[in-house]
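Engineer:
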Amino acid sequence: MNFDHEELMLMMLYNTGTRLGLIHELRLMQCYLMPDETALRELSEQVIEKLKRLTDAEFA
């Protein structure tokens, strides 16, 4: 799976060491976003969708 630079930066910030942990942390972060923070919400959704398509082995 190819992640772009912005996606990788977001993943670095919220990485817990596991794919499911990262998805969970990104979902938690989204709860704190303000309505006008649409770019970050869209970016995090893109990352989550890509992570869902990966296996744990591919993530590691």
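One rule links them: number in the working numbering = place in the sequence shown (from 1) + 1140. All residues carry an ideal CB built from backbone N, CA and C; glycine is no exception.
What residues in its chain sit with their C-beta under 7 Å from that of ARG1159, if we drop five residues either side in the sequence?
Structural biologist: LEU1191, LEU1194, ASP1196, PHE1199
Engineer: With a threshold of 16 other CB atoms inside 10 Å of the CB of LEU1153, please say whether the residue is buried or exposed.
Structural biologist: exposed
Engineer: Which residues bound the alpha helix (DSSP H) around GLY1161?
Structural biologist: 1159-1171
Engineer: When burial is assigned at 16 or more other CB atoms within 10 Å of the CB, is LEU1150 buried or exposed?
Structural biologist: buried
Engineer: Around the Cβ of LEU1166, are there at least 16 other Cβ atoms within 10 angstroms (buried) or fewer (exposed)?
Structural biologist: The residue is buried, with at least 16 neighbouring Cβ atoms inside 10 Å.
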